[in-house]
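Student: One structure follows; several queries about it will come next.
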Amino acid sequence: MGRTFAQYLSLMHEAAHRLLFANKRANDFTGRWLLGFPSWTNTDGYRRVHAAHHREEFGPDEPDLALYCGYPITPASFRRKLLRDATGRTGLKLMAQFFAGARSPLPIVRHTFWKIIAVQAVLLGAAVASGQWWLYPCFWLAPYLTVWRVINRLRSVAEHGGMGASPDRRNTTHAVRQHLPARCVLVPYRIGMHLPHHVDAGVPFRSLPRLDRALREAGYLDDTFEHPSYPAIWKALQGFPLRP
């Protein structure tokens, strides 16, 4: 089920860019109620902070800097981070921050908090009504707190770990060759084609392979900028040269 969160939130990311559907109402409804809220995510809040990420990677308003700054790190440090994710410590810390939204001075934050809780209650209610109440905590909540946190970190550091601020997107964002196993589990819906996405965030995921080919034909991107696999870049981020 951790893979399911990767799928949901990859499509939510697409909706946050308003690229999932041409119809704005359909895009926003799906992004909130069918993708973001089931995944404990405020889609509109994500859209605002994600816009800051695209405006200036590693800039002063970068929302995800803590996730991928400071690389390369030692193998021991990398293992500790993944262990915190896999055992739920990271997830519980983030969940506590989410529940703090119930006391936010901002009405929109409180209202969205209760919308997310309502969707989670529906999911729990469906499990109870089926006579299998344990499905929700075991196969929805627990994977969100554990497996998804591991997937999210592994993907995020492969996107920007070890890079720095620059007007050249090739110096802020990694390119990683996309193999089928990674696309099935780690980076569904072309979200792993992150360098083309940062070159033009207005291109829908379905068209990213075409953009990637165009960038290669133009000489902007070639194999010297591309890591051969995700294990290769994770190894590089543990102290080895960042370029293959």
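Taking the working numbering as reference, the numbering of the sequence shown is continuous, increasing by one, and the terminal residue is 278. Beta carbons are placed, not taken as given, at the ideal position from N, Cα and C, and that holds for glycine.
Taking the alpha carbon of Thr207 as the reference point, which residue from Pro109, Pro230, Ser263 and Arg66 has its own alpha carbon closest?
Tutor: To locate residue 207, count along the sequence shown from 1; it is residue 173. Selected option, being the one with the closest Cα: Pro230.
Student: Could you compute how far the alpha carbon of Glu260 sits from the alpha carbon of Asp234?
Tutor: Here residue 260 refers to the residue found at position 226 when the sequence shown is read from its first residue. Here residue 234 refers to the residue found at position 200 when the sequence shown is read from its first residue. Rounded to the nearest angstrom, the two C-alpha atoms are 18 Å apart.
Student: Ile185 lies in the alpha helix (DSSP H); which residues open and close that run?
Tutor: The sequence position of residue 185 within the sequence shown is 151, counting from 1. It spans Val181 to His194 - the alpha helix (DSSP H) in which Ile185 sits, taken as one unbroken run.
Student: Kindly indicate which residue of Ile142, Lys149 and Gly79 has the alpha-carbon position closest to the one of Pro72.
Tutor: Residue numbering aside, residue 72 sits at position 38 when the sequence shown is read from its first letter. Nearest C-alpha to Pro72: Lys149.
Student: Within 8 Å, do at least three Cβ pairs link the segment 206 to 223 to the segment 38 to 47?
Tutor: Counting Cβ pairs under 8 Å, three or more are found: they touch.
Student: Could you give the DSSP three-state label for Glu251: helix, strand or coil?
Tutor: In the sequence shown, residue 251 corresponds to position 217, counting from 1. Looking at Glu251 - three-state DSSP - the assignment turns out to be helix.
Student: State whether the segment 87 to 95 contacts the segment 248 to 258, with contact taken as three or more CB pairs (one from each stretch) at a distance under 8 Å.
Tutor: Because the criterion of three Cβ pairs below 8 Å is not met, the segment 87 to 95 and the segment 248 to 258 do not touch.
Student: Per the contact definition of three or more C-beta pairs closer than 8 Å, is the segment 48 to 63 in contact with the segment 191 to 204?
Tutor: Judged by Cβ distances under 8 Å, the segment 191 to 204 makes no contact with the segment 48 to 63, as fewer than three pairs qualify.
Student: Should Leu188 and Trp174 be called a contact, given that it needs their Cβ atoms to be closer than 8 Å?
Tutor: The residue given as residue 188 occupies position 154 in the sequence shown. The residue given as residue 174 occupies position 140 in the sequence shown. No.
Student: Note down, in chain order, each residue of its chain lying with its Cβ closer than 6 Å to the Cβ of Trp182, except the 5 sequence neighbours on either side.
Tutor: In the sequence shown, counting from the first residue as 1, residue 182 sits at position 148. Excluding residues within five positions, the ones whose Cβ falls inside 6 Å are Gly36 and Phe39.
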